[in-house]
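Each residue of the sequence shown is one higher than the one before, starting from 0 at the first, in numbering that gives the first Met the number 0.
As structure tokens, the structure follows; a few thoughts come after it.
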Amino acid sequence: MKQLVFLLVFISSSIFAQSGTYKVDPEHSFANWKIRHVVSKTSGTIPDMTGEMMINLDDMSQSKINVEMSLLKIDSDHKKRDNHIQEKKFLNTSVFPTITFNSTKIVMQDDTNGVVSGTLAMGGVEKTLDIPFKLLGFGDDPWGGYRVGLEGNIDLKASDFGYSWGLKENSSLGDKIEVNLLVEGIKQ
């Protein structure tokens, strides 16, 4: 019975999915990250994401996703570490306060899974990369809006963006940053 209810909800949200422009909801969109720290991992979130998604359901290759994240609000649940991460030695947020991603291509592999290609700018370096994502669904929200949800995962190398902390011998930080993106957009 639970499977039938889930299937009906999924089908109904897919049937009523709407093309259009969606503003990224900064209160419900996050970039969660993990990085090796000494013998374990530390994690956090970038809770300030803004941007726009242009969704064309008739031809997803015509869709666009453009987002900006403020590193000034990075949160590892440890204020002293958050301040340390922002220093010149690490993210240098006084010079590079944001990360941006601008899509150049979206390819759907099936109805819900795809890959968004684009340019990620971080630390003064721009890299072209592919982010696998899942289209989580479309639907009405309790406040009278209409939403779309996406989730993407990617591993980044800090050294690709000019950060050398993970390359030093006996470094307490790794070079690989695991990123989980949760993006919710409100139809405009």
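All C-beta atoms in this analysis are idealised placements derived from N, C-alpha and C, irrespective of residue type, glycine included.
**Asked** Near T99, what residues of its chain come up, given a Cβ to Cβ distance below 6 Å and the 5 sequence neighbours on each side ignored?
**Response** For this step, residue 99 is matched to residue 100 along the sequence shown. Only E67 and A120 meet the Cβ criterion.
**Asked** Can you tell me the Cα-Cα spacing of G136 and K167, whole angstroms?
**Response** The residue given as residue 136 occupies position 137 in the sequence shown. The residue given as residue 167 occupies position 168 in the sequence shown. G136 and K167: Cα-Cα distance of roughly 43 Å.
**Message:** What does the alpha-carbon distance come out to for the pair S12 and R146?
**Reply:** Locating residue 12 in the sequence shown gives position 13, where the first residue counts as 1. Locating residue 146 in the sequence shown gives position 147, where the first residue counts as 1. With a pLDDT of 46 at S12, under the threshold of 50, the predicted position of this residue should be treated as unreliable, and no value is reported.
**Prompt:** What is the DSSP secondary structure of W142, reduced to helix, strand or coil?
**Reply:** Here residue 142 refers to the residue found at position 143 of the sequence shown. Reduced to three states, the DSSP call for W142 is coil.
**Item:** Per-residue burial, I70 [other beta carbons within 10 Å of its own, 16 or more giving buried]
**Value:** The residue given as residue 70 occupies position 71 in the sequence shown. Inspection of the sequence shows that residue 70 is occupied by Leu rather than by Ile. With 16 or more other Cβ atoms within 10 Å, it is buried.
**Request:** Can you tell me which of the three DSSP states H27 falls into?
**Result:** Translated into the one-based positions of the sequence shown, residue 27 becomes position 28. The answer is coil: DSSP assigns H27 none of H, G, I, E or B.
**Asked** If we ignore side chains and look at the alpha-carbon of each, how far apart do R189 and M59 end up?
**Response** Because the chain in this structure spans residues 0 to 187, residue 189 falls outside the shown range and cannot be described.
**Enclosing beta strand (DSSP E) for K63 [first to last residue]** = In the sequence shown, residue 63 corresponds to position 64, counting from 1. K63 to S69 is the extent of the beta strand (DSSP E) around K63.
**Request:** Please work out which residues of its chain come closer than 6 Å, Cβ to Cβ, to G161, disregarding the five sequence neighbours upstream and downstream, and give them in chain order.
**Result:** By one-based count along the sequence shown, residue 161 stands at place 162. Closer than 6 Å at Cβ, skipping near neighbours: G122 and V124.
**Item:** beta strand (DSSP E) segment containing I73, residue limits
**Value:** In the sequence shown, counting from the first residue as 1, residue 73 sits at position 74. No beta strand (DSSP E) contains I73, which DSSP labels as neither H nor E.
**Asked** When we look at the beta-carbon of L128 and count the other beta-carbons within 10 Å, is it buried (16 or more) or exposed?
**Response** Taking the sequence shown and counting its residues from 1, one reaches residue 128 at position 129. By the 10 Å Cβ count, L128 comes out exposed.
**Asked** At which residues does the beta strand (DSSP E) containing K88 begin and terminate?
**Response** Reading the sequence shown from its first residue, position 89 is the one you call residue 88. Where K88 is concerned, there is no enclosing beta strand (DSSP E), given that its DSSP letter is neither H nor E.
**Request:** State buried or exposed for V8, treating a residue as buried only when at least 16 other CB atoms are found within 10 Å of its CB.
**Result:** Within the sequence shown, numbered from 1, the residue matching residue 8 stands at position 9. Annotation note: pLDDT 46 at V8 (below 50); position unreliable, coordinate value reported separately. Exposed: under 16 other Cβ atoms inside 10 Å.
**Item:** Span separating the alpha-carbon of G50 from that of K186
**Value:** Position 51 of the sequence shown, counted from the first residue, corresponds to residue 50. Position 187 of the sequence shown, counted from the first residue, corresponds to residue 186. Rounded to the nearest angstrom, the two C-alpha atoms are 12 Å apart.
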